[in-house]
Amino acid sequence: MTMRTDAPLKTSGAARYGLDVTPPGTVYGYVVTSTIAHGEITAMDVAAVRAAPGVLAVYTPFDPLPLRTPMSPLLGETWVPLQDTEVTYYGQPVGFVVAETFEQARDAALLVEVTYDRRPARTSLHAGLADALDAPPSLHGEPPTLQVLADGVESIEDALAASAVRVDATYETATQNHAAMEPHSAVAVWEDGRLTLYSGTQGSDLQAAQLAQALDVEPARVRALNPFVGGAFGGKGHAGVSAFLGAAAARDLGRPVKAALTREQVFTATATRPATVQRLRIGADADGRLTALAHDSWSSTTATPSFVEPTSHGTSREWYTTPNLAITQKMVPLHVPPTTFMRAPGEAPGSFALESAMDELAVALGMDPVELRLRNSSIAPPGRDLQWSSKHLDECFTLGAQRFGWAQRHRRRVDRDWLVGYGTATAMFPALRFPCAVRITLRPDDTAEVATSGADPGTGLRTVLSLFGAEALAIPPERVEAALGDSTLPPGGMSGGSTATASVGSAIAVGAPAVIDALVAVATGPGGLFEGREVAYADGRVFAEGDSATFGEVLRAAGRDEVTAIGTSAPGEEMTKHSFSSFGAQFCEVRVHRWTREVRMSRMLGVFDAGRIVHEQAARSQIMGGMIWGVSAALHEGLEIEESGRPANGDFASYLIPVNADIPTVDVEFVRYPDTLHNPVGARGLGEISVVGVAAAIANAVYDATGIRVRRIPIVLEDLLE
Amino acid sequence: MRAFELTAPTTLDEALTSGATALAGGTTLVDLMKLDVLTPPRVVDINALPLRGIEVDPAGDLRIGALERMSAVAAHPQVYPVISRALLLSASQQLRNMASIGGNLMQRTRCGYFRDVAMPCNRRDPGSGCPAIEGANRMHAVLGTSDACVATHASDLAVALVALDARIELVSTQGGRSVALADFYRLPGDTPEREHDLRPGELIGEIVVPRLDWAARSTYVKVRDRQSYEFALCSVAVALDVRDGRVADVRIAAGGVGTVPWRLTAVEAALRGGPADEAAFEAAAQVAADGARPLSHNGYKTALLPRTVVRALLEVSRG
Amino acid sequence: MDITLEVNGETRHLSIDPRVTLLDALRERLGITGPKKGCDRGQCGACTVHVDGRPVLACLTLAATVREPVRTVEGLAADGRPHPVQQAFAEQDALQCGFCTSGQVMSAVAAVEQEVADVREFMSGNLCRCAAYPNIVAAVEQARSTKESADARV
Ligand SMILES: Cc1cc2nc3c(=O)[nH]c(=O)nc-3n(C[C@H](O)[C@H](O)[C@H](O)COP(=O)(O)OP(=O)(O)OC[C@H]3O[C@@H](n4cnc5c(N)ncnc54)[C@H](O)[C@@H]3O)c2cc1C
Ligand code: SF4
Ligand code: FES
Ligand code: FES
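The listed protein sequences derive, respectively, from chains U, C and H. In terms of the UniProt record's numbering, the first sequence opens at residue 1 and continues consecutively. In terms of the UniProt record's numbering, the second sequence opens at residue 1 and continues consecutively. In terms of the UniProt record's numbering, the third sequence opens at residue 1 and continues consecutively.
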């Protein structure tokens, strides 16, 4: 097993992230944000700012940098700052100060005086529930409200009423911020009308395209680089304000501009996962077979509706077999920071509700929650004919239950002053692929390069590229160099949706035979080492009868610097034949202090069916990280938005994410069934599924420990003080 | 951070006459200067001053120089467990390596409105109002509050020191004076901006913890949303002297609940002479939150405080 | 003002504004970009460096007040070989995006040197949003046993 290929760079400080670049002559930009949530800016007094030492420029809606709204097929529109005087959320970028040094820019920015015409702000999801709007159609193109009813059943209410056992409960999840450790930032350099942008994002080609549109320059004149990305999690898909303002200001000033959001600004001036309210009604027969499932969801969204957290479509729509299903998805437009996808969008908060409700059902039935889930496992999403391509969820549960000691859960468990509880939940996440192109190059020194513009924000894609390349070319991974994070490379799309491994794997599976064909052509062509002969390729060598040579030798003999081919792939036919998902079973043990009631994790196990596991160590790390994200959602993080729209806890001291001491040993296991119906390499992606279900498993364990059902996350100790 | 002048004198006299704001570890000062909450025109780096040393004097009192780092104090073998624990449960190891204990006692509240100059705050800007009273106040105080301010004092160390009746020695060009730490901090009342009794031109020179042999049996319990690197929702410092199963003497103070470190004398009185068992602890703790004035989101603290007292007493009595 | 910093064994002279933090001096003036700015408020640990051999937060340290030698993650390797803690981080996959890693490594070096009893608590001043925590603990443990066997050999 090779280690993550960039580990030596990352552990030595040599990996260069966006902000680590400081071209000669760099000046510093600092963003100014709004202090109201809704209204209009009537004036901005920047005289004192301009007079401050070192200040080079102040940009405001009254003196803006020209930027056009970019539009991309994948992301839709991306908001560009300072183009009008409307304020629609607290902490919206409204100004940009550029000075010779960071200190000068930061301190001059304090002097900006903004005058607002305030308007009432809608900031409460609860207050908006009554007049919520229908959400746009789901990812699958399904309407927000849909029903699947058995023959002869008139309504979901009838089906529920006819059920022997019923659960009806409402759950809530908090607004969250991706809070990647690397704040959104950019260094922009113009040379001869060409822009080079260093900025950590989820896709360099998307970034370049958005910047080119915004700045109104030819796409070929923008190069975006992000060889290292300090975490993304969905929050670095859209190009950010630092990139837009930095690039535009650099053009205006003729100097390289470096700009980063402060940590506080990241909480508002990027985007968030919406808050949700979800009502679950489940009916079952006495044996625990579901007879009806209704999942009504409300999500916050921006004042002009944008991303909506698809909680019911992401979970109840697909997870269990039920003859009667009804789901709704509503949205409540609010004056809150932008909303966008965040690790397991829909599934993560949706599973908190569904899997808590399933636990409540198990309690009502007096049934083992594992058994309840096994009994209702689906072979296809309800009402759809396309069966799951490869589903081993049952095995995840049985293996997990055994490994975790689930059978012990009935013992009364108190450990000194700590009440101990066990919980479990299902995890599912759709298996997707995005269009992707990868260039494979064979070089005369017997090394190969595998290159795509995609990003590795910690997922291990760089390592996976080398491994897939090595496998496809049948050479050792040490001889395969990966290149990524550069928009001039073939388009690798976005790191997101847990798609990258399957997407690049598919593209390499196409590109490798092509480059081998090209090599063979060189070997057998005029002047080739094996001119005119029959040859075959194996293990990095070209074999002719009684003779062989490495590909490097072949290239050297022909005087070639390289042979290269580009493999492309896109989701195709498979989508018409099967449904695709990854699956998992989450188990956890929590402790609740008998007196002071704080909840601490003591053990976690996740067992996953994610197809083929390509790089064991990176896969485990991804899964572990995701499970800890689940802990964070369950017990720690939530952006609290005040009535005024101001975030009450927008910094790292009060927006809590777990620290090392919060995290116990995390056990990860895989059932390994390559899913070649999905893609040729059989890997389904696992960046997101690991988050799913964890928060419910924890809430279920808290119930097991205390008898108190908490239906809102994050769970805080006051929820458990009787 | 507004531009400022920085000096680094090596003698006390120079520092005391400088009229500048003292910089020790900088973990409060630099932070709040970046946020524009503090805007001193002149800053004096006091780290070269002779305010160091951790020692037990001939009378048996523990004397700690104000510039000693939190990590050094926590690790010192002659420091009472309640002080070490309070320090070790504070901040992070990096911050404890930087922060001085004098600075720790002088740290400012963590109230989010205080830290945000876009918001009103009576403590930072007298008369501007207190948004916490109607706003995000889950972390705020229930004891010692006023209509002007409800912010907690955030130091864990101060809670332990108040429990042990510590005094601070203040130095100035006029000579020195000694103040009980409990008297040093002021309740907000109508003047929350006046947090303490330090006069212009004074520095904290030393912290003196009077000899208390039985405080070898003491501890600090800190309840928070995450296990580490966070301020207290509620904390309790306790020293307990048990003889023949009965409470001979006890000291208790609480943090995270008061606008100043909160000594629980009524609980101490209820415990003294009684049995050292769970039932007695629970009964005595009932008065811990007497007089509490809960706000919209921090009412739980009135329930949490007595429970934290019981937990701390149980932990210390088990040894 | 003119200051002198000793960073990773080299003496560096700088002329800076007193407002400049050690972190910004290292990153923006000296090109030492291993230490990262995750919050600039002492709330994340990404900027952890050693001053006089002890981990501190460079973002809350004014550069002009630093008198003792500074060591950053770039200064750990000896004779071109990674420090045992760096090696252990790589082998245990104690990182994902790597943005917190420089700070984690500096704290971990101190954890090993100080032979701390509670590694998880000691490492809690370094947030990792990728949540590599269990592997970080494993790396500290690996480095510690490397050190112990090295000590035993001496
Ligand atoms: C992220 C974070 C988490 C934290 N968590 C905790 C926690 O859990 N518990 C806790 O108790 N604290 C916590 N703290 C606060 C920290 O302990 C204090 O910031 C620190 O103790 C202050 O000491 P310093 O030497 O750095 O003070 P400085 O920042 O140098 O000074 C602070 C103030 O004290 C004044 N001052 C300093 N020394 C003296 C003196 N000798 N005489 C008079 N005035 C003086 C200064 O002028 C300044 O006004 C945390 C801080 C941070 C940033
Ligand atoms: S509680 Fe005190 S510190 Fe906080 S806003 Fe009110 S007055 Fe300011
Ligand atoms: S950048 Fe210094 S602690 Fe976060
Ligand atoms: S590795 Fe990404 S934040 Fe730690």
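Each residue gets a CB set at the ideal place from its N, CA and C atoms; glycine is no exception. Just so it is clear, the structure is predicted and the values come from calculations on it, not from any experiment.
Using beta-carbon distances, R29 of chain H does not count as an interface residue toward chain C, since no partner is under 8 Å. Considering only beta carbons, the part of the stretch 229-249 of chain U lying closer than 7 Å to chain H consists of V229, G230 and G231, in chain order. As DSSP reads the structure, R343 of chain U sits in no beta bridge. With a cutoff of 7 Å, M181 of chain U counts as near ligand 4, since its C-beta is closer than that to a heavy atom of the ligand. For T308 of chain C, at least one C-beta of chain U is nearer than 8 Å to its own C-beta. Counting the other Cβ atoms within 10 Å of the Cβ of V414 of chain U gives fewer than 16, which makes it exposed. With a cut-off of 7 Å, the C-beta of Q96 of chain H is classified as near ligand 4, since at least one heavy atom of the ligand falls inside that distance. In this structure, the straight-line span from the alpha carbon of V316 of chain C to that of Q622 of chain U is close to 41 Å. In this structure, ligand 3 has a non-hydrogen atom nearer than 7 Å to the beta-carbon of K37 of chain H. Secondary structure note for S548 of chain U: its beta strand (DSSP E) is the uninterrupted segment D547 to T550.
Counted as a single uninterrupted DSSP element, the beta strand (DSSP E) harbouring G176 of chain C occupies residues G175 to A180.
Under the Cβ distance rule, Y198 of chain U does not count among the residues neighbouring chain H, no pair being separated by less than 8 Å. In terms of beta-carbon proximity, W629 of chain U stays away from the interface with chain C, with every pair separated by 8 Å or more.
Rounded to whole angstroms, the gap between the alpha carbons of Q387 of chain U and T340 of chain U is 30 Å. Look at the stretch 38-80 of chain U and you find these whole runs of alpha helix (DSSP H), each 4 residues long or longer: 47-51. For the options U:A109, U:D84 and U:P70, the alpha carbon positioned closest to that of V55 of chain U is the one of U:A109. Within the DSSP bridge table, the entry for S218 of chain C names C:A239 as partners.
Put simply, the CB of P55 of chain H is near chain C, with a gap under 8 Å to one of its CB atoms. DSSP places A135 of chain U in the coil class of the three-state scheme, outside both helix and strand.
Per DSSP, S204 of chain U lies in no beta strand (DSSP E) segment; the continuous alpha helix (DSSP H) that holds it begins and ends at S204 to L215. Here D57 of chain C is exposed. Its C-beta has fewer than 16 other C-beta atoms within 10 Å. C-alpha of R556 of chain U to C-alpha of E531 of chain U: approximately 14 Å in a straight line. When DSSP states are grouped into helix, strand and coil, Y198 of chain U belongs to the strand group.
Going by C-alpha positions, V370 of chain U is about 16 Å away from A695 of chain U. Just so you know, the alpha carbons of Y113 of chain C and L461 of chain U end up roughly 42 Å apart. In the structure shown, the three-state DSSP call for E688 of chain U is coil. Within the same chain, and ignoring the five residues on either side of E55 of chain C in sequence, the residues whose Cβ sits closer than 7 Å to its Cβ are R63.
For I32 of chain H, there is no enclosing beta strand (DSSP E), as DSSP marks it with neither H nor E. The way I'd put it, the stretch 29-41 of chain U does touch the stretch 258-268 of chain U; three or more beta-carbon pairs between them come closer than 8 Å.
When Cβ-Cβ separations below 8 Å define contact, T72 of chain H makes no contact with chain C.
Residue-level contact by beta carbon fails for Q586 of chain U and chain H, as no gap is shorter than 8 Å.
As the crow flies, the alpha-carbon of T72 of chain H is around 23 Å from that of Y229 of chain C. The beta carbons of Q107 of chain C and A154 of chain C sit about 6 Å from each other, so the pair counts as a contact at 8 Å. Counting other Cβ atoms within 10 Å of its Cβ, R85 of chain C reaches 16 or more and is therefore classed as buried.
In this structure, ligand 1 has no non-hydrogen atom nearer than 7 Å to the beta-carbon of L233 of chain C.
DSSP lists U:D134 and U:W298 as the bridge partner or partners of K330 of chain U.
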